[in-house]
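Numbering (this note's numbering), first residue to last: 2 to 264.
All C-beta atoms in this analysis are idealised placements derived from N, C-alpha and C, irrespective of residue type, glycine included.
Worksheet: the structure to be examined is printed underneath.
Put into C-alpha cells, the structure is as follows:
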C-alpha cells in the first residue's frame, strides 16, 4: 500500500461504529413506535408546511413497516461504512448535510403527504460515491464507483414518478430525486485529497524520455524489437609458459688445521 493510501484509507473502529449506531437508532425508533403503538408518521416531511419542516431531521429515522426498514438497513450500513473508509475527512459532512439538504429539497418539491424513511440518505450516498470516484480518476475510488453502480444502479429508476415501479406502494420518488441531486452536488463541491500513486519506475516520472531509455532503444521505428548486437569475439593467443628460472649459488669453505684434527 502506498503512502497516500496509508494516510487516507484506514480501517478504524469508526468504519463500523458509525453505521452501526445509525442502524441501532433507526431500529430503536421503529421498535418503540410499534411496541407502544405510537404513530410517528406525522413527524415526517410534509412539503411546504411549517410543521412539516421537522421531518427534515426526523424522517430518516422513521419507517412505515418491517419491509421498509429492512430494505433500507443493509444498503445504509454498507454505503456509510464505504463512505467513512474512503472519504474519512468529509464523511460526517456528507451524512449530516445529506440528511439536511435532501430533506429540504423533498420539502420543496414533494407531494402533499408525509415522506419518511432513510432512502433519501441512501440516494445521497450512492450518488456521491459514484460521481466523486469518477471525478477523482483514482483507480481505487473508480473501482468503488463501478461496484456501487453494479449493486445499486437499478435504483436510478426510482427517482422518477412511475406507478409501475411503485407496484401499488407509496414510494417517495421526490425523496429519492432529492438525495440523488444532493449527492451529485456534494461530489462537485466537496474537495478530496489529490490521490496519486508513489512513483516506482523511471517511466512513471514526468520527465521520462523514452528515446534515452536503454530498453526503448531496442525497438525500431516500426515498433519491432531488435536483438542487441552480439559481443565482439576476442582472439585469445595462447602464450608458451616457461618454468621459473632457479639460480644456485655454491659457497666453498677453506679447510683449516683445526678441522683436520677434528676429523
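- Taking a C-beta distance under 8 Å as the contact criterion, residue 176 and residue 81 do not qualify as a contact pair.
- Sequence-distant partners of residue 139 (beyond 5 residues in either direction) whose C-beta falls short of 7 Å from its own C-beta, in its chain, are 196.
- Excluding the 5 residues flanking it on each side, residue 84 has same chain C-beta neighbours closer than 8 Å at 92, 95, 96, 126, 129, 130, in chain order.
- Boundaries of the alpha helix (DSSP H) around residue 150: 140 to 153.
- In the three-state DSSP reduction, residue 64 falls in the coil class, being neither helix nor strand.
- Distance between residue 112 and residue 45, taken at the CA atoms: about 13 Å.
- Here the alpha carbons of residue 226 and residue 149 stand approximately 42 Å from one another.
- For residue 47, the three-state secondary structure derived from DSSP is coil.
- Per DSSP, the unbroken alpha helix (DSSP H) holding residue 92 starts and ends at 89 to 110.
- Per the coordinates, the alpha-carbon of residue 37 lies some 27 Å from the alpha-carbon of residue 104.
- By the C-beta criterion, the stretch 67 to 78 is judged to be in contact with the stretch 115 to 123, since at least 3 inter-stretch pairs fall below 8 Å.
- Out of 162, 27, 155, 135, the CA that lies nearest to the CA of residue 70 is found in 27.
- DSSP, reduced to helix, strand and coil, places residue 185 within a helical segment of the structure shown.
- In this structure, residue 22 keeps its C-beta atom at 8 Å or more from the C-beta atom of residue 99.
- With contacts defined as CB atoms closer than 8 Å, residue 179 and residue 110 qualify as a contacting pair.
- Counting of Cβ neighbours within 10 angstroms places residue 173 among the buried residues, the total reaching 16 or more.
- Here residue 31 carries a helix assignment [DSSP, helix/strand/coil].
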